[in-house]
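S.K.: For the sequence shown, the numbering used here gives the first residue as 31, with consecutive numbering after it.
Beta carbons are placed, not taken as given, at the ideal position from N, Cα and C, and that holds for glycine.
This one's a predicted model, so the numbers in the text were calculated from it and none came from an experiment.
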Amino acid sequence: MIKVCKFGGTSMADGINMRRVADIVLGDPARRFVVVSAPGKRFGGDTKITDLLYEAHRELVGTGTLGKAYKKVCSRFCSIVDELHLSFEIEKVLEETAAEIVRENSEPFTASRGEYLAARVMAALLNVPFVDARDVVKFDGGGRFDPASYALVRDALKGKKRAVVAGFYGSDAAGRVRTFSRGGSDISGSVVARAVSADVYENWTDVSGFLACDPRIVQSPAAIRELSYKELRELSYMGANVLHSESIFPVREADITIHIKNTFRPEDEGTLIFPTEKYLARTERPRTVTGVAGKKNFTVIHIEKSLMNAEIGFTYKIMEVLLRHKISFEHLPSGIDTMSLVIDSEQLAGGMLELLCDDIAKAVSPDMMHIFKDVALIAVVGHGMAKSVGTSARLFSAIAKAGVNVRMIDQGSSELNIIVGVDNCNYERTVRAVYEEFFRE
Ligand code: ASP
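(1) On the DSSP letters alone, give me the boundaries of the alpha helix (DSSP H) that Leu257 sits inside.
(2) Name the two residues that bound the continuous alpha helix (DSSP H) containing Phe469.
(3) Could you check if Val230 is buried or exposed, using at least 16 other CB atoms within 10 Å of its CB as the buried criterion?
(4) Let me have the residue list for the ligand ASP: C-beta closer than 5 Å to any non-hydrogen atom, ordered along the chain.
(5) From Ile390 to Leu378, what does the alpha carbon distance come to, in whole angstroms?
(6) Report yes if the C-beta distance between Met438 and Ser370 is below 8 Å; otherwise report no.
(7) Taking the beta strand (DSSP E) that Ala193 falls in, what are its first and last residues?
(8) Fully enclosed by the segment 112-145, which alpha helix (DSSP H) runs are 4 residues long or longer?
(9) Going by beta carbon distance, what residues of the same chain come within less than 6 Å of Tyr465, once the five residues before and after it are set aside?
(10) Look at the Cβ atom of Asn456, then the Cβ atom of Val411, and state whether they are nearer than 8 Å.
(11) May I have a chain-ordered list of the beta strand (DSSP E) segments no shorter than 3 residues that lie completely inside the segment 263-345?
(12) How big is the Cα-Cα spacing for Ala68 and Met382?
(13) Arg143 to Ile401, Cα distance in whole Å?
(14) Assign Met399 to one of three DSSP states: helix, strand, or coil.
(15) Measure the beta-carbon distance from Pro396 to Glu334 and round it to whole angstroms, keeping in mind my assumption that it falls under 8 Å.
(16) Starting from Met48, follow the alpha helix (DSSP H) in both directions and report where the run begins and ends.
(17) If distances are taken between C-alpha atoms only, which option among Gly214, Pro177, Ala163 and Ala432 comes closest to Ala193?
(18) Distance, Cα to Cα, Val351 vs Ser358?
(19) Output yes or no for whether 8 Å exceeds the beta carbon distance between Val183 and Val158.
(20) Name the one or two DSSP bridge partners that Arg208 has.
(21) Under a Cβ-count criterion, where at least 16 other Cβ atoms within 10 Å of its own Cβ denotes burial, should Arg470 be classed as buried or exposed?
(22) Using a Cβ-Cβ cutoff of less than 6 Å, which residues in the same chain neighbour Cys108 once the five nearest sequence positions on both sides are dropped?
(23) Flag this pair as touching only if the segment 246-265 and the segment 296-307 have three or more C-beta atom pairs under 8 Å; answer yes or no.
(24) Does DSSP put Arg106 in a helix, in a strand, or in coil?
(25) Going straight from the alpha carbon of Val450 to that of Arg282, what length do you get?
(26) Would you call Met495 buried or exposed, if buried means 16 or more other Cβ atoms sit within 10 Å of its Cβ?
(27) Does the beta-carbon of Met504 have 16 or more other beta-carbons within 10 angstroms, so that it is buried, or is it exposed?
(28) Measure the CB-CB distance between Ile32 and Val226 and report whether it falls below 8 Å.
(29) If I measure Cβ to Cβ from Arg61 and keep anything under 6 Å in the same chain, skipping five residues before and after, which residues do I get?
(30) Between His87, Ser250, Lys78 and Ile331, which has its C-alpha nearest Pro363's C-alpha?
(31) Return the bridge partner residues of Lys33 from the DSSP annotation.
(32) Is the beta carbon of Val222 sitting closer than 8 Å to the one on Val65?
(33) Tell me, which residues are paired with Ser364 by DSSP?
(34) Please name the residue in Gly189, Ala409 and Gly74 whose C-alpha comes closest to that of Glu264.
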């Protein structure tokens with residue numbers, strides 16, 4: 031049995047927490063490969079090491095030298111090593127790192143040093159080899175993850191009983207350090223799990239897994255004990271941010287189960303995320319709805335034209351306008367004479383909305399166009415919905431009972447989700463109503 035364990039920023043925030051991490055790793059011989067984030071916040075108002083490093087890079091660009099922010103990074107790492115009573119030459123390593131940061135003079139390189147230093151300290155604490163992600167995690171010319179990394183990671187870890195790999199970064203073909211997007215150590219963990227064909231990818235964080243709903247909106251929502259990759263993708267894309275939404279792709283290719291665990295409550299069950307087939311096979315009757323998630327600030331461009339269904343190339347002409355303005359859309363619900371484009375409002379700032387509407391009008395001469403701004407999307411997710419008759423009736427009567435007007439509906443063809451668009455101001459009320467309907471049963 032091989033487990034790859036990734037520990038997030040809070041788990042690595044100080045010496046006491048790192049000791050906790052070491053105890054967790056050493057508590058199970060299957061926990062062989064460890065991937066770490068940079069130290070995160072120790073308390074509300076604290077600054078993550080990665081944010082300090084981005085600031086250090088700005089200081090470097092502005093003044094030509096490292097300033098206050100890098101000093102703060104140094105003092106965080108020195109106190110971590112102190113707290114751990116570790117014989118590790120942290121001052122020397124920090125000095126070498128500073129010289130490298132100045133020499134490389136690149137934002138991703140500077141940002142990556144949080145994970146680099148954290149992984150070196152953790153490797154010293156566990157007394158196991160450190161594996162530099164720069165040598166084994168590769169990005170292609172376009173900055174996308176390169177699957178050639180799997181073989182490199184596998185070779186680097188071959189024959190090692192245990193090892194620590196730095197999360198978040200890798201390098202391109204020229205050897206320059208690149209990073210994943212923020213929170214990307216989750217992806218690194220997934221890459222390592224796939225590379226060594228792990229049985230389980232344990233993702234250790236500061237919560238006991240996924241909740242069926244945002245706890246800032248519903249008090250003490252139910253915990254989700256099990257879910258499928260597909261449900262995870264829907265929920266994390268819609269804002270349930272326990273795990274980076276791209277981290278499922280590497281493990282999905284190898285059918286590896288993800289286990290979300292809480293470093294601070296290791297006895298809690300956490301959430302198991304299974305490959306979809308496996309999940310459906312083991313869950314006799316999945317519950318109707320697994321979770322409810324959502325996001326605010328979308329714009330809906332609603333287009334009406336009689337006989338749209340018979341007009342060849344109608345959608346194509348609209349897509350051409352979007353392509354020309356480099357705008358992506360999230361959903362495209364349509365009827366025989368209607369079509370709605372649901373777009374993240376951020377992309378439409380600075381006059382883009384007006385420009386887009388003008389060009390769509392020119393391209394397809396609609397009978398009517400309506401714009402709904404400030405729309406929130408709520409995703410109701412669950413494999414169980416496909417099997418239970420009356421789910422949408424329940425959903426929409428709960429929303430109606432809450433007095434909320436629905437602006438848009440989209441149901442994925444897999445019947446895995448129903449997306450409901452409501453005004454931003456009704457977002458919380460709708461989430462609460464939906465949650466009450468399906469979870470307080
Ligand atoms: N340290 C990086 C960040 O703060 C990556 C990670 O923690 O996953 O985004």
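M.R.: If we stick to the structure as given:
(1) Careful: Leu257 lies outside any alpha helix (DSSP H), inside the beta strand (DSSP E) at Glu256 to Ser258.
(2) Tyr457 to Phe469
(3) buried
(4) Gly39, Ser67, Ala68, Thr80, Phe198, Arg212, Gly213 and Ser215
(5) 14 Å
(6) yes
(7) Ala193 to Ala196
(8) 120-134
(9) Cys243, Val248 and Val322
(10) no
(11) 287-292, 301-304 and 321-334
(12) 38 Å
(13) 46 Å
(14) strand
(15) 6 Å
(16) Gly45 to Leu56
(17) Ala163
(18) 11 Å
(19) no
(20) Gly200
(21) exposed
(22) Ile120
(23) yes
(24) helix
(25) 28 Å
(26) Missing from the structure shown is residue 495; the chain here goes from 31 to 471 and no further.
(27) Nothing about residue 504 can be reported from this structure: the residues present for the chain run from 31 to 471 only.
(28) yes
(29) Lys33, Cys35 and Val55
(30) Ile331
(31) Arg61 and Val230
(32) yes
(33) Met369
(34) Ala409
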